[in-house]
Every structure is written in C-alpha cells, then in structure tokens.
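The structure under discussion appears below in the form of structure tokens.
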Amino acid sequence: MPVPTLSSDDAFAEVKGKVDLVKVVQEHVRLTKRNKDFWGLCPFHQEDSPSFHVNPQRQSWYCFGCERKGDVFTFVELIEKTDKRGALVLLAERAGVELKQLSPDQKDRADLRKRVLAMLKLAAQYYEYVLWKSPAGEPGRRLLESRRVGEETARRFQLGYAPAGRGFAEYLRAKKRSLVDAQEAGLMRRDGTDFFAERLVIPIRDERGQTLAFTARAVRADEPKKYINSPETPAYIKGRVVFGLDLARDEIARRGHAVMMEGQFDVITAHQFAVTNAVASSGTALTEEQVRLLKRFTDELLLVFDSDRAGRDASRKAAVLAAQHAMRSRVVAVPGAKDPDEFLRSAGPDAAARWEDLVAKAPSGFEAGMEEDSVGLNPSNPNQVERVAARLREWIRQFPATLREGYAETAERHTGISRHLLLEEPEAKPARVAQNGAPARKPARRVTASGYLLQLLAVRPSAFDRVRTKLTSQEFDEDDRPIYIRMLESYERGGPTGLEADLAGYPAEEQDLIRRAWAAPPPNVDDEVAVELAERIRLEHMKGMQNGIIRELSEAERGRDSERVAQLEAQARELGRAITDMERRS
Ligand SMILES: [Zn+2]
0 MPVPTLSSDD AFAEVKGKVD LVKVVQEHVR LTKRNKDFWG LCPFHQEDSP SFHVNPQRQS
60 WYCFGCERKG DVFTFVELIE KTDKRGALVL LAERAGVELK QLSPDQKDRA DLRKRVLAML
120 KLAAQYYEYV LWKSPAGEPG RRLLESRRVG EETARRFQLG YAPAGRGFAE YLRAKKRSLV
180 DAQEAGLMRR DGTDFFAERL VIPIRDERGQ TLAFTARAVR ADEPKKYINS PETPAYIKGR
240 VVFGLDLARD EIARRGHAVM MEGQFDVITA HQFAVTNAVA SSGTALTEEQ VRLLKRFTDE
300 LLLVFDSDRA GRDASRKAAV LAAQHAMRSR VVAVPGAKDP DEFLRSAGPD AAARWEDLVA
360 KAPSGFEAGM EEDSVGLNPS NPNQVERVAA RLREWIRQFP ATLREGYAET AERHTGISRH
420 LLLEEPEAKP ARVAQNGAPA RKPARRVTAS GYLLQLLAVR PSAFDRVRTK LTSQEFDEDD
480 RPIYIRMLES YERGGPTGLE ADLAGYPAEE QDLIRRAWAA PPPNVDDEVA VELAERIRLE
540 HMKGMQNGII RELSEAERGR DSERVAQLEA QARELGRAIT DMERRS
C-alpha cells in the first residue's frame, strides 16, 4: 500500500518553523553571543579562532573560514553526515512533525525507534516510581543509602528499581500497552519477566537527556553479575553514548574539562559530591565516537580510572585517543582508594575540596604514563636505563608525530635519558656512507602499505567508501593514524572535495604529504588497489596483535596465572584462525 504523501515543501517549511537553528547548532558547537549573533569554532574545518557565524534572525549560518553556509537543514546534513531527506527526518522527529513521505521501510524503522524510545521513557518512570513509592523498592533504597547517594541526586539521574517477577509487564497490561515493544526495547524476556528484575536501574541517556538504554546493578551480594546492560536496539548503539553528559555538559563548559570515569556509579557518586562535570564511557572502553562527542563541549579530559592494571591501561589508551583528536588529557590518581567512588565517599563533606587538590596536581596523560614507565629507575644501571628507554620510546611513539619531540624533552628532564635516544625509531639503521666517504643521499622513506594507501586516498578520496568498510582507524598503522583519521573525517564531512576544503587546517607535514601525492600520484589509483592495501594493513595489524598476545602469554606462563594463560591461548587461537583465513583469501 503506498504511503500517503505530504508535499515535501510543506514538510520542510513546517519543520523549519518549529526548530531553532541556534539550539540545533549548540548541540555540536560551543557558541558565544556577540551582539545579536553567535560565533563558534567551525565544526566543518579545523580552526583555532571562531569564524563560524550563526544569524538567529535569518536562521542561517556562514563560515568565514571554509565558506560553507546554509540553513538548519544544510547544517544537520553536514554534521550528521546525511542527505536532505535524512536531515528532514531527524529534525521532524525533534519538532514532533509527522512525516508522511517516507518509504514504507524507512517509516517502519522510524516507527520502531519511536516506539522503543517511548517504551524506555515509560520504563524509566515506572522504575523510578517503584524505587521511591513502593515497598518493593526497598532493596534499591537501601543500596543507595549504603552508597551515600541522596534522593535528589538519584532523581536527577532518574534511578529506579525493577522489582522481581513480571511487574513491568503487569503495568503495561494495565495501561493496555504492547509487550512486544518492551521486548524490542530489551526490557523484557519472552515470558514476560523483567530483564532487570531485582536490580537498581540506571538510565543511559544521550546528551539531550533522552533515555536510550539501561544499565542495572545487582542489589544482592550473592548475584554473580554485578551489572547487566540493555542489548543494542533501534535506539541504542554501544560506544556512542557518554553517560552523564546531559547533566554534566554545562559544568563541563564552565570548568573547561570533562571528568572521565570508568563506571556509571562512579559518576553518580561524583555528582552527589559536587563533581558535576563527571561522565563515563558506557559499557565499553572509551571510543572514537565518544571522544568526538566530548570534543563538542571541551578540549580537555580528566581521566579518573581505577588504580589497578586494567584501569592504568584504559587510562593510557584514553590519553592517546584524546591526543589523536587534538584534546588534552590529565590523569587523576585517587590515593588510598580503589576507585573514585570509594575516595569521594570516604572524604565525605571534604570531598569537594580534596577533589580540587587532586585535580590541581594531576599530571598530563603523557606524564602519567612516563612516570609509571620510569618508576624506580636507577640511572647508573645501564641495563635498567635501556629497558626504561625502550618503554618510553614505545610510549612516545603512540602519540601524534607533532607532540613527540616535546614529550621526549619532558621525558629527558624527568629521567636524564637523552631525548635523541627516546625518539629513535626502533628499526633505525646507521646512516649509510657512500664509497667516497661522503654521506649517501638520505634513503627515501620505505613506502609502507599504509603510506601508499594514504597517497591513493589523497588522489582518490572516494575510495574511502570501500576502504572504511574493510578497515577501522584503530587498525591503521599508528604513525599514520592521525592523518588517516583527519582525511576520513574530511571525506565524511565534505565528500570527495572535503579534503581540498579542509587541507589548510591540517598540520604542515600532513599537508606536505598530501600535496606531494597530488603532484606525483602513486602508480595505481583505483578502488581495487585501495581495498587490497586496506586488507594488507588489517592483516599486519592482526599479526601485530598476535605477537602482543604471544608476548603476554609467556609473561602469564612465567607468573603461573593459569586462568589468564587459558584466556590468552583462546585469543591467540581465534586470531590465528582469522589470519589464516585472510591469507587464504588474498
Ligand atoms: Zn568552516
């Protein structure tokens, strides 16, 4: 049956009349008001001083840097990487305008998402009601009390309690609502029992405060799984949401940094104890998408992870990821506590002040790793110096090339190890000397698969379409990763001409590389070659990971950690199979 249509001009006009461009832009760009207009850093090209201008009267925007311009639809089209139709759908959803011109398939998907969102909203209200107003909510209230989370904080996060059994299903039946939607929303099992039964329920909301999923904490000490999470649904994709951002965004902007914690509960405690710019990556290690989302609000992350090995590793990865997106990071260590939650609770009324002390003392993400790598170094023991130098070299190499020299200097000051030693490439060979004794011409940089692919993509950006399905940026060679990410972003933002438009904002050496490729393109420029290169890079990355696992395995074996050994062996086997598979196919 054809879907009845509403003239699309009508729909555009109606939606445009109902949304405010300034509000839409503000979700992506920090805007400052000057006279009647607003200014901010352009989200479509890299810049340090604001040239992005929004005129609220005319509901139009213009960037004096990259000369992009338009209305609210063009803005959403570019920022959400969609087309005019997609922008209309997104904005119509927001404005509450019913669109009748969607294809049946699009309409089904949009409807399902809407129903799931409505169901999640209802569930959050129901759980909150049970927590505070029903005798069944007692275990949840007791848990909050023991964690010293007050009702006001709990209500801001809209915490709730899921009672045992089929309470939510009964509630829906009474309201004559569909149980199928609740199953689609990941709230209920097929038999009608509540997925989160007997747990404290924590809504995971997007930066606008819309509930997309839940995570739920056990209240019983004998419960083997402390947390369970909503599955992915039409409303929720893991790794895209930053927990607490809806509540923290204003304070993040005011204080100039976001406090990044590991767990949702850490964040709730932090807000209880006046650290209201705290957020957490939800259910995953910090992802690129989360970093990009945070970058809309701030340029600095304050990393507060557990003090165990896993926490330190997560902190290092986050520091590198932040640097790759031109964000600064600092690392806060919580003394005498296993996590920030414990620290803040035990500090009680002094929490805010003691927190300020920690923040003031927090070293940069690089320095924190450096201190860890060089702890207890005895400069008169050459073996030890070599070991520390190797570790620091590896650490420095993970950061974008533009930062490395400065970091090597910092490390030299801290350890006394020469910065030249710290910047040395691991496979560096002694300079070749020609027969006549004069230094030979510097050998050209070996063209790696990733170097070749970068040149190819510079000449033919449309090859990104195939390449990005074969390869994640995390798999790209570390050295070339920052430029790869930048080029990909330019392409996603601006299509085939995006690179040209953004190039002026790239670091000088990256501009060089791209201009050289334009002047002298590599021998074969086509999509097939690009795909081949992407696959080769992915294979190399997997081999690298395998080597890492094998190294870790021998460590675990030495430490007689049999559980870890079994785990690593399984990982190595799986990776080995994947590698053989790939090699066979190519
Ligand atoms: Zn611009």
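In terms of numbering that gives the first Met the number 0, the sequence shown has 231 at position 232, counting the first letter as 1, and numbering is strictly consecutive. We treat Cβ as the ideally placed atom computed from N, Cα and C, and that holds for glycine.
If Pro339 and Asp265 are in contact, beta carbons under 8 Å, what's the gap, nearest whole angstrom? With 8 Å as the limit, Pro339 and Asp265 qualify as a contact, their Cβ atoms being about 5 Å apart.
Run the Cβ filter for me: residues under 7 Å from any heavy atom of ligand 1, listed in the order they occur in the chain. Matched residues: Cys41, Phe43, His44, Glu46, Ser50, Phe51, Cys62, Gly64, Cys65 and Arg67.
Stretch-stretch touch, CB-based, cutoff 8 Å, three pairs: the region 331–350 with the region 288–299: No, because fewer than three Cβ pairs between the region 331–350 and the region 288–299 fall closer than 8 Å, the two stretches do not touch.
Only counting the same chain, and skipping five residues up and downstream in sequence, which positions put a Cβ closer than 6 Å to that of Gly368? Hits under 6 Å: Arg315 and Trp394.
When the Cα atoms are used, what is the spatial distance from Ser449 to Leu244? Between Ser449 and Leu244, the C-alpha separation is close to 36 Å.
To the nearest angstrom, how far is the alpha carbon of Asn587 from that of Gln454? This structure gives no information on residue 587, because the portion of the chain shown stretches from 0 to 585.
Does the region 455–469 come within contact of the region 29–39, defined as at least 3 CB pairs closer than 8 Å? No, they do not touch.
Just the Cα atoms here: how many angstroms apart are Arg204 and Ala577? One C-alpha to the other measures close to 36 Å.
Going along the chain, which residues of its own chain have a beta-carbon closer than 6 Å to the beta-carbon of Gly493, five neighbours each way excluded? The residues are Ala500.
Quick one: residues in its chain with C-beta nearer than 7 Å to the C-beta of Val218, no 5 flanking neighbours on either side, listed in chain order? Listed in chain order, the non-local C-beta contacts of Val218 below 7 Å within the same chain comprise Pro138, Gly139, Leu142, Glu197, Arg198 and Leu199, local neighbours out to five positions each way being set aside.
Count the CB pairs spanning the region 92–99 and the region 14–21 that are closer than 8 Å, and state whether there are at least three. Yes, since at least three Cβ pairs between the region 92–99 and the region 14–21 fall closer than 8 Å, the two stretches touch.
Please report how far the alpha carbon of Val2 lies from the alpha carbon of Leu98, in whole angstroms. Since pLDDT at Val2 reaches only 41, below the 50 mark, its modelled position is unreliable, and the value read off the structure follows with that caveat. In a straight line, the C-alpha of Val2 is about 10 Å away from that of Leu98.
Neighbourhood of Arg537 by C-beta distance below 8 Å, restricted to the same chain and skipping five residues each side: Result list for Arg537: Lys469, Leu470, Glu474 and Met581, in chain order.
C-beta atoms of Phe43 and Leu77 nearer than 8 Å: Yes; because the gap between Cβ atoms is below 8 Å, this pair is in contact.
State the DSSP-derived secondary structure class of Phe63, mapped to helix, strand or coil. Taken through DSSP and simplified to helix, strand or coil, Phe63 comes out as coil.
If we call anything under 8 Å between Cβ atoms a contact, is Phe167 one with Ala181? For Phe167 and Ala181, yes; Cβs fall inside 8 Å.
For the candidate residues Gln45, Ala220, Lys237 and Glu366, whose alpha-carbon lies nearest to that of Glu288? That would be Lys237, whose Cα lies nearest to the Cα of Glu288.
Given this structure, state the Cα-to-Cα distance separating Thr283 from Arg216, to the nearest angstrom. Rounded to whole angstroms, the separation of the alpha carbons of Arg216 and Thr283 is 16 Å.
So Leu89 and Ala10 are in contact, right, with Cβ under 8 Å, and what is the actual spacing, rounded? That pair is no contact at about 13 Å.
Tell me whether the beta-carbon of Gly415 lies closer than 8 Å to the beta-carbon of Pro460. When the beta-carbon positions are compared, Gly415 and Pro460 stay at least 8 Å from each other.
Buried versus exposed call for Glu573 [16 or more other C-beta atoms within 10 Å across all chains shown]: It counts as exposed.
State the CB to CB distance for the pair Gly504 and Glu46, rounded to an integer number of angstroms; the pair is presumed to be in contact (CB under 8 Å). Confirmed, about 6 Å.
Distance between beta carbons of Thr286 and Arg146, contact taken as under 8 Å: Incorrect: roughly 27 Å between the Cβ atoms, too far for contact.
Using only alpha-carbon positions, find the residue among Glu534, Val530, Lys35 and Asp478 that is nearest to Glu509. Looking at the Cα atoms, Asp478 is the closest of the given residues.
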